[in-house]
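A quick write-up on the structure given underneath.
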Amino acid sequence: MREHRAPTPIQALSRHFFWRFFQTENVGEGDTSDTPVVRALSGVAVPMLMAAFWNAMLAVPTTAWNAAGIHSLFVVYAFCSMGCITALQWDKLFPERIDFLILLPLPLKPRVLFLAKLQAVALFLLMFVVAGSVFGTLLLPALAGMRVLWAMLAHGTAVMSAGIAASLAVLAFEAVVIAVTPERWFRYVAAACQVMLVAAFLLVFLRVGTIDGRLRELLGGSVWGAGWFPPLWFESVYEVLLGSGAATGFAHVLALRAVYCLPWLCAAVVLTYPLAWAKRRRAALEGVNGRRLRDGVWMRVAHRTVLRSADQRAVFHFIRQTLSRLSQYHVLLAAYCGAGLALSIAFAVSVSSVAGHLHVSLWRTGVQGAVPLLLFWAIAGLRVAFLLPTDLAARWIFRLAPLNTQRVVTTTKVLVFSVAAVVLAGVVVVLALFGWSARDLALQGVFGLIYALLLTDIFFYGQSHVPFTRPRLPGRSSLPMTIAVFLFGVPLCMSLAVILERWVRYSPVRLMETCVVVFVFHAVQRWLRGLPSHSASEDPFLGELDQDVQTLGLSS
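First residue of the sequence shown: 37, per the working numbering; consecutive thereafter.
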């Protein structure tokens, strides 16, 4: 009978690090059926399953270039999805502070910890690469006729290589950022980098239709800069291995770049990952030095104007510091803000090829619809983040404080509106760089504030508790309703914004009428919230899974 061997330290730690990817604050190692990683894994696999299924079922005769367009969809999707996954899983791909604090005192060699974490990261990313390519590898080659096995090899090689390349590139970039960024600035820099990476990869995927339509020109080498677009490298690998008519001479050159880039990216990760490891280890042992950033004049002004009471200030700073401190909210907001930024850019910016050169221009009508789109995603991300609990044991202080529900809601909306105003200010600055006139910038700023106020009122109309303090209760959220809001609410919001701005057309009277209507709407919804039928109690924690709160009897 074969003896069961105990796992080596590397195997045990690698298994532990791997399961840590699936754990959340409410899910342990034994239950991984409903975690963000599992949902992300299914989200990566299902779209390509449907695309491969319908292409295999339809099986319409296509030319070599039409087939290459279908191939490029899978390649670009693998490249962009793996880039987004690697960017959003930033914190878990590198050792966390708790890992060093618990494991370093143990009699383990540092090399063992390093290799175990690296092995877990590689297995985690490989899992997503396989999930995004396996269904296309099994179903799509059915269109290749008698060369099914060779088509499976070409599809699997090209698609998996594209996903691996994107993951390695983002991983090396993240390691460099960790190594060079001061620790007290890291959480802000990391969040900004996550947003930009997610927006960049999503923007590439949103332009996949443009890539497919100009694939003959791109692989023919007639478009300037096409040779430096990495997804084309792996699309060229696909066509060269398949031996299709789209395998031009320029495609062979691009395929060689794909072959060369993978070893270089592996070398970059091997060189930069230890630097990030050493930086994380030093930060975990020494702590974060430096003074906390001061609030500045703007916070003192807020205290004297909109945050006059003590409970308003407490709720405001609790929300602000929770968002800036916990990485789980950084990931969520990075996903929402990155998606909103990518969709806004895709809608407002047009890219065309003129005489072999790419021409980028700003579409004015697109900007009118992109501003409410960007604000919609930012405010929706904050709404979802506020519904996710943090440490519920720490909410006892709010149970003891005499909080007023109306003040809690008002404070929450003030913070959300402030974030939307900052986003709007960034948009106005970008438009100013594109040469917009002062009058157009002012008009766009006014309408942006109107959209921010309306969206804040709509999204937070049902808010009745302090954010991050309500446990997850079954039946409180509906996935079909959420999908319906984004599928129908976003286009409706954009259409109404464009119609409204065209109706005003620099008319001061119509602009004044619009502002009056918005003010009346805001006042009416505020009045409705104060009715007894809407809020039967002033306790923001009413209706939750309550537990007894033990007091020390120190209050007078």
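Note that beta-carbon positions come from the ideal geometry of N, C-alpha and C, so glycine has one too.
**Message:** Could you give the first and the last residue of the continuous alpha helix (DSSP H) run that contains Y224?
**Reply:** 219-242
**Message:** Quick check: the Cα distance between W300 and P141, rounded to an integer number of angstroms?
**Reply:** 35 Å
**Request:** Please state whether DSSP places S397 in a helix, a strand or coil.
**Result:** strand
**Request:** With DSSP as the reference, label S500 as helix, strand or coil.
**Result:** coil
**Message:** Can you tell me whether S258 is helix, strand or coil according to DSSP?
**Reply:** coil
**Request:** Since I believe A103 is in contact with S280 (beta carbons under 8 Å), could you give me their beta-carbon distance rounded to a whole number of angstroms?
**Result:** Between S280 and A103, the beta carbon gap of about 7 Å places them in contact (Cβ cut-off 8 Å).
**Asked** Should A456 be flagged as near chain B, meaning a C-beta pair shorter than 8 Å?
**Response** The structure shown contains no chain B, having only a single protein chain.
**Request:** Could you have a look at V342 and say whether DSSP puts it in helix, strand or coil?
**Result:** coil
**Prompt:** Looking at L77 and F164, is the spacing between their C-beta atoms short of 8 Å?
**Reply:** Cβ distance < 8 Å, so F164 and L77 count as in contact.
**Asked** If you draw a straight line from the alpha carbon of W90 to that of M196, how long is it in whole angstroms?
**Response** Taking C-alpha positions only, W90 is separated from M196 by approximately 21 Å.
**Prompt:** Between which two residues does the alpha helix (DSSP H) carrying Q59 extend?
**Reply:** Where Q59 is concerned, there is no enclosing alpha helix (DSSP H), given that its DSSP letter is neither H nor E.
**Prompt:** Roughly how many whole angstroms lie between the Cα atoms of F54 and L255?
**Reply:** In a straight line, the C-alpha of F54 is about 40 Å away from that of L255.
**Request:** Count the other CB atoms, across all protein chains shown, that sit within 10 Å of the CB of V337; report buried if there are 16 or more and exposed otherwise.
**Result:** exposed
**Message:** Give me the residue from A208, V560, Y296 with the minimum Cα distance to L307.
**Reply:** When each option's Cα is compared against that of L307, the closest is A208.
**Asked** Using the C-alpha atoms, what's the distance from Y296 back to I200?
**Response** 13 Å
**Message:** In the DSSP output, what is S531 paired with across the bridge?
**Reply:** Looking at the DSSP assignment, S531 forms no beta bridge with any residue, so it has no partner.
**Request:** Measure how close the beta-carbons of Q230 and L124 come, nearest whole angstrom, since I'm counting them as under 8 Å.
**Result:** Right, the Cβ-Cβ distance comes to about 7 Å (below 8 Å), so this counts as a contact.
**Item:** Rounded C-alpha distance that separates G484 from L362
**Value:** 29 Å
**Message:** Can you give me the C-alpha to C-alpha distance between V184 and A304, rounded to a whole angstrom?
**Reply:** 35 Å
**Message:** Run through the DSSP bridge pairs and tell me what V385 is partnered with.
**Reply:** L398
**Item:** Residue nearest to R83 in terms of C-alpha spacing, selected from T99, Y113, V502
**Value:** Correcting the residue type first, residue 83 is Pro in the shown sequence and not Arg. Ranking the options by Cα distance to P83, first place goes to Y113.
**Request:** Let me know the secondary structure DSSP gives R183 once reduced to three states.
**Result:** coil
**Whole-angstrom C-beta distance between C373 and F241, which should lie under 8 Å** = With 8 Å as the limit, F241 and C373 do not qualify as a contact, their Cβ atoms being about 17 Å apart.
**Message:** Whole angstroms are fine: how far does the CA of H191 sit from the CA of T505?
**Reply:** 47 Å
**Prompt:** Below 8 Å between beta carbons: does that hold for F352 and V450?
**Reply:** yes
**Prompt:** Mind checking T99: buried by the 16 CB within 10 Å criterion, or exposed?
**Reply:** Its Cβ having fewer than 16 others within 10 Å, T99 is exposed.
**Request:** For K145, count neighbouring Cβ atoms within 10 angstroms of its own Cβ and tell me buried if that reaches 16, exposed if not.
**Result:** exposed
**Asked** Who are the Cβ neighbours of G597 in its own chain at under 8 Å, not counting the five residues just before and after it?
**Response** No answer is possible for residue 597: the residues shown for the chain start at 37 and end at 592.
**Asked** Does the beta-carbon distance from W101 to L268 come in below 8 Å?
**Response** no
**Request:** Please classify S473: does DSSP put it in a helix, a strand, or coil?
**Result:** If DSSP states are grouped into helix, strand and coil, S473 belongs with coil.
**Prompt:** So what's L491 in DSSP terms, helix, strand or just coil?
**Reply:** Assigned with DSSP and collapsed to three states, L491 falls in helix.
**Asked** Got a sec? Which residues, its chain only, sit under 6 Å from G257 by beta carbon, not counting five neighbours each side?
**Response** Correct list, in chain order: F286.
**Contact check, V206 vs L174, beta carbons under 8 Å** = no
**Request:** Look at the Cβ atom of W126, then the Cβ atom of E210, and state whether they are nearer than 8 Å.
**Result:** Between W126 and E210, the gap from beta carbon to beta carbon is short of 8 Å.
**Message:** Taking its Cβ as the centre, do 16 or more other Cβ atoms sit within 10 Å of W313, making it buried, or is it exposed?
**Reply:** Answer is buried; the Cβ neighbour count reaches 16.
**Message:** Excluding the 5 residues flanking L491 on each side, which residues of the same chain have their C-beta closer than 7 Å to its C-beta?
**Reply:** L411, F412, I415
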